[in-house]
Every structure is written in structure tokens, then in C-alpha cells.
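For reference, the structure discussed in these notes is given below.
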Amino acid sequence: MTYQEIIKKITDELKTAGVPDPETDARFFLEEAAGTDYSHLLMQLRDEVPDEVSASLEKYIEARKHRIPLQQILGFTEFMGLKFYVNEHVLCPRQDTEVLIEQILKNDIGGSRVLDLCTGSGCIAVSLAKLGGADVTATDISEEALTVAARNAQENEVDVHFFRGDLYDALPSDEKYDIIVSNPPYIRTQVIDTLAPEVRDHEPRIALDGDADGLAFYRRIINDAGTYLNEGGRLYFEIGFDQGKAVSELLRNNAYEDIHVIKDYSHNDRVVAAKRRAVVAQVMTNDT
Ligand code: GLN
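For the sequence shown, our numbering begins at 38 and goes up steadily by one.
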């Protein structure tokens, strides 16, 4: 079979299996199986595909037909121009989350102490350490996720302090941070079954499920953030497209100011940023 024929075969098979955007997947699979970039492949469309390349492609197509996410099949993805290893134990880093990173990197965070809660693949923690030069601590409840995150820190050549546990409980001591960031699970439980099979059946449910109203993690993170955030420190969240108002309200009711909702490139609300209000010394009055 020639490259031209195999491209058509992959695309047709994926289309029949209901895979959205099969051309893109075919391209990624070919690049990975042949170990070369697509522009080279286009110059050899009439060449025969070597057996070992078709064998890899068969495996990829079979997995993709079962709607396993492209990134999990390849074993990696790109995020903020960096390479991240992924598997079924972590949420695949998404482009939406780049908006969160870009927002934080607008300020000079070199040397700042950053805490990333629910780190998953470590994409936020590693990007902020690598691109911002921050001193990053990251936590997650999943041991398997932390294994992936640690590998991503190592392969991107940054030091991140990882701890396993439930949000702040993972931290070994009550230290203070300049920035707390999180892309926590934020999908309403009853909505999960309506999501694409890639997400619903193959991404970890604990990375998605934000409880009945989707806000459980924001509530918990905001309630305790005061203990860990320096005065004037900043809190950044990724949010669902319809959660801007609710999360802003939680922040407003918890002594945060300078609250902004930022949109992603599809014009959906995607990030909320806020500042911890400085504590004003209380004046004691004695009116008895
Ligand atoms: N922090 C990770 C990310 O942004 C994982 C998020 C999650 O599992 N909810 O991709």
C-alpha cells in the first residue's frame, strides 16, 4: 500500500467509527509511525509504506476507533510549546488551559512561590516553572497522576515540589505562596455522561467531576486559600464556560478583590483571577 492509499484508508475507517476530524488524527498517526513530519510524507505519497509503519498505524487506528483520545494513543501532547507525557490517569492538557498560563505569565513570576492544586499531568506547574521561572509546589490526590507529573517535570528539566493528598492537606507544612493556581475538576456530575466518548469513557472521572453544581473544588480551595496565600497574593482558576459569575461571587464573599473573568480563544469565559485583600488592622473601640 502507498502512503496515499493508507491516508485514505485511515481517514475512511476513522470517519466510519464517528471520530471527529479524522484527517488531523491521520496526520498525527502517520508522523508518529513514520517518524517524520507531514510535509516529508506528502513528497512520498506514491512510495510503499514499510511493514513496521503499517503495523504501528493498525494499532493506532484500532485504539482510536474505540475513541481513546489521540493524545493517550500517542502518549504525549504539546502544551505551551512544551512536550507533555500523558496516559489514562491524567486529563490531557488542553489549549483552553494555555489562557490560564498566559494570564499568569503577564506578570514577572520569576522566583515567586506558586502552588498548583490538582496538578494532574503537571502541565500548569511545569509550564510556570519552565516559562516563568517560578518556584512551584504542586499537589494531587492521585499517585498515578503524580508519577506522570514528575516525569513531565524531569523531561522538561525543571524542579517542582510534588506532594500527594487532598488539596492543601497534601502540603507538609503551612507555608505561604504568592500565587495559588488550579484547574480543578469542574464538570457537573450529571453532565459527564453527555460528553464526548473520549472524555466520558477514557479520561479519569476524578479529574472531571466537580460534584452536583460543578463548584465543589472552587469552594474548598477558596475557603482555605487565606491560610496559604500571602496578603496581596493572587488566585487563578480555570473555569467552565458558564461558571464565571458563580466563582467570582465565591471570591467576592471571601475577601478577594480585583476579580476578573478572562475569555478563551473561542470567546468563552475560561479563567478567573483575583487578589487576596490586604488585612486591615482592626481598630478596637471601647464604648462602654
Ligand atoms: N491541572 C491539570 C490540567 O490543567 C489537571 C486538571 C484536572 O485534572 N482537572 O490539565
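Don't be surprised by glycine CBs; every beta carbon is placed ideally from N, CA and C.
Quiz prompt | Pairwise C-alpha distance: V298 and A310 | solution = If you take the alpha carbons of A310 and V298, they lie about 7 Å apart.
Quiz item: Does the Cβ-Cβ distance between R104 and A54 come in under 9 Å?
Solution: Yes; because the gap between Cβ atoms is below 9 Å, this pair is in contact.
Practice problem: Leaving out five residues on either side along the sequence, give the residues of the same chain with a beta carbon under 7 Å from the beta carbon of D295. | Solution: Non-local C-beta neighbours of D295 in its own chain, meaning closer than 7 Å and more than five positions away in sequence, comprise A311 and K312, ordered along the chain.
Exercise. Please report how far the alpha carbon of E286 lies from the alpha carbon of K213, in whole angstroms.
Key: Cα-Cα distance, rounded: 24 Å.
Quiz item: Is it a yes or a no for the segment 201-217 touching the segment 140-155, going by three-plus beta-carbon pairs under 8 Å?
Solution: The count of Cβ pairs closer than 8 Å, one atom from the segment 201-217 and one from the segment 140-155, reaches three, so the stretches are in contact.
Exercise. Figure out for me which residue from D261, Y255 and G112 has the closest Cα to the Cα of K282.
Key: For K282, the nearest C-alpha among the options comes from Y255.
Quiz item: DSSP on A311, reduced to helix/strand/coil?
Solution: A311 falls in the strand class under three-state DSSP.
Quiz item: By Cβ distance below 8 Å, which residues in the same chain neighbour C129 in space, the five residues on each side in sequence not counted?
Solution: Listed in chain order, the non-local C-beta contacts of C129 below 8 Å within the same chain comprise P106, Q108, Q109, T114, V123, S158 and E240, local neighbours out to five positions each way being set aside.
Quiz item: Which term fits F278, buried or exposed, when burial requires 16 or more other beta carbons within 10 angstroms of its beta carbon?
Solution: Exposed, because fewer than 16 other Cβ atoms sit within 10 Å of the Cβ of F278.
Exercise. Tell me, to the nearest whole angstrom, how far the beta carbon of T156 is from that of T176; I am working on the premise that it is less than 8 Å.
Key: Between T156 and T176 a beta carbon distance of about 6 Å is seen, short of the 8 Å cut, so the two are scored as contacting.
Exercise. Kindly indicate the opening and closing residues of the beta strand (DSSP E) around K282.
Key: No beta strand (DSSP E) contains K282, which is instead part of the alpha helix (DSSP H) from G281 to R289.
Quiz item: Per DSSP, what kind of secondary structure is S76 in: helix, strand or coil?
Solution: It is helical.
Quiz item: Are there 16 or more other CB atoms within 10 angstroms of the CB of G72, so buried, or fewer, so exposed?
Solution: Exposed, since its Cβ has fewer than 16 Cβ neighbours within 10 Å.
Quiz item: Any heavy atom of the ligand GLN closer than 8 Å to the CB of I161?
Solution: Answer for I161: yes, Cβ within range of the ligand GLN.
Exercise. Output yes or no for whether 9 Å exceeds the beta carbon distance between D215 and L266.
Key: Contact: yes.
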